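Accompanying notes for the structure given below.
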């Protein structure tokens, strides 16, 4: 799925995940709800990774590890911001994520 939120159809998601369309609707409701759930999971996962990185290497943080983490975080945030301009409802979730990074 590298074509972005707007260009990804429910059929694309069904084909990619290998599950029935009804399962997606029963579990998430619609594409937007699925995206919001994925976005919140991304936030939770990234926060945990950052905490673990800091806890494990508190005395000597390795630049490569920090650089790798920040690059992944940046790519995720860039995607969120692009999508948010198309979907205004995501703004509050993105603000929450950005506030946790401060």
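Residue numbers (the working numbering): 1 to 102. C-beta: ideal position from N, C-alpha, C; glycine also. What you are looking at is a predicted structure, and each value in this text was computed from that prediction instead of being measured.
Can you grab the Cα-Cα spacing for the pair residue i / residue j, in whole Å?
i	j	result
residue 41	residue 77	13 Å
residue 13	residue 3	12 Å
residue 92	residue 44	15 Å
residue 22	residue 73	32 Å
Relative to the C-alpha of residue i, which residue among the options is closest?
i	options	result
residue 75	99, 39, 96	39
residue 32	73, 23, 95, 9	9
residue 50	96, 34, 69	69
Which word fits residue i, buried or exposed, when buried means at least 16 other C-beta atoms lie within 10 angstroms of its C-beta?
i	result
residue 19	exposed
residue 98	exposed
residue 64	exposed
residue 55	exposed
residue 71	exposed
residue 80	buried
How close, in whole Å, do the beta carbons of residue i and residue j come, if the pair is a contact with beta carbons under 8 Å?
i	j	result
residue 100	residue 47	6 Å
residue 35	residue 5	6 Å
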